[in-house]
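If you're matching positions, the sequence shown starts at 1 in the UniProt record's numbering and goes up one per residue.
Backbone N, C-alpha and C fix where the C-beta goes; we use that ideal spot for every residue, glycine too.
All values derive from a computational prediction rather than experimental measurement.
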Amino acid sequence: MNLFEIRDSDVVAVTYPKSGTVWMQQILSLIHSDGDPAAVQSKPAAERVPWIELPFLDFQSQPAPRLSVTHLPYHLIPEGLKKKNGKIIYVIRNPKDVIVSLYHFQNYVTCLDTPSSFEDFLNQFLEGKVVFSSWFDHIQGWYTHKDEFNILFITYEEMKQAGGIQKADTGRWLGVSIE
């Protein structure tokens, strides 16, 4: 992953699981397709804005701007991003909502351990003993090292309240005009 070449035009959306990842994939797709819903509906989100950590993805050959998403903690991200190449959008969601969403997700996905109760799951979450480890460590890691990156922090709740305004602000930050 550290040998991964980052271009200035790359955009990486970073989230802790269940924090608006798919929504941000949609927003990025719409911004970079000039709001054309047909372009967004023509391929699954994972093809339009793929996971940067997927080893079978030939990300290097993709045309600019390369859009991607990840749940990786800051210390596992490609070194090029730490040199302020590319742009990162970090989406933060209220941990109470993350806990509930992640709990239901783990009950639904068969390859993950099913929590015995919400109370047990809550304790595991607070101890960082869930998929992708600690929510607190993930956010603290990225925020503590924010000066190493070209990064925009936004919250899920801001995205929900602002709607089109947030898309326009995100577009401006990415250098794309949204009318």
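Report the three-state DSSP secondary structure of residue i (helix, strand or coil).
i: Ser134; result: coil
i: Ile6; result: coil
i: Phe153; result: strand
i: Val64; result: Sequence inspection shows Ala at residue 64; the Val mentioned does not correspond to that position. The answer is coil: DSSP assigns Ala64 none of H, G, I, E or B.
i: Pro37; result: helix
i: residue 187; result: With the chain running from 1 to 179 in the structure shown, residue 187 is simply not present.
i: Val176; result: coil
i: Ser42; result: coil
i: Asp147; result: helix
Could you tell me which of the options sits nearest to residue i, measuring between CA atoms?
i: Val131; options: Phe153, Ile151, Ile99, Asp147; result: Ile99
i: Asp8; options: Asp113, Gly86, Phe149; result: Gly86
i: Val49; options: His32, Pro37, Asp36, Ala38; result: His32
i: Glu157; options: Ile6, Gln106, Lys18, Asp10; result: Lys18
i: Gly80; options: Val69, Glu148, Tyr16, Met159; result: Glu148
i: Ile154; options: Phe118, Val22, Thr110, Arg93; result: Arg93
i: Trp135; options: His71, Pro78, Ser117; result: His71
i: Ile77; options: Ile27, Gly171, Arg172, Thr15; result: Thr15
i: Ser133; options: His145, Ile6, Thr170, Tyr74; result: Tyr74
Based on the DSSP output, what are the partners of residue i in its beta bridges?
i: Thr15; result: Val91
i: Ile77; result: Note: Ile77 sits in no beta bridge, so no partner.
i: Val69; result: Ala13, Trp51
Taking 7 Å as the line, does the beta carbon of residue i fall inside it for any heavy atom of the ligand HEM?
i: His104; result: In terms of ligand content, the structure shown is empty, and the ligand HEM therefore cannot be addressed.
Tell me, to the nearest whole angstrom, how far the beta carbon of residue i is from that of residue j; I am working on the premise that it is less than 8 Å.
i: Tyr90; j: Ile151; result: 6 Å
i: Gln106; j: Pro115; result: 6 Å
i: Val40; j: Trp51; result: Rounded, the Cβ-Cβ distance is 18 Å, inconsistent with contact.
i: Ala38; j: Val22; result: Not confirmed; about 19 Å, so no contact.
i: Leu174; j: Val11; result: 6 Å
i: Leu67; j: Leu28; result: 5 Å
Say whether chain C places a C-beta atom closer than 8 Å to the C-beta of residue i.
i: His71; result: The structure shown contains no chain C, having only a single protein chain.
- Could you pull out every unbroken alpha helix (DSSP H) segment of at least 4 residues lying fully inside the region 80 to 141, listed in chain order? Within the region 80 to 141, the complete alpha helix (DSSP H) runs of at least 4 residues are 95 to 108, 118 to 126.
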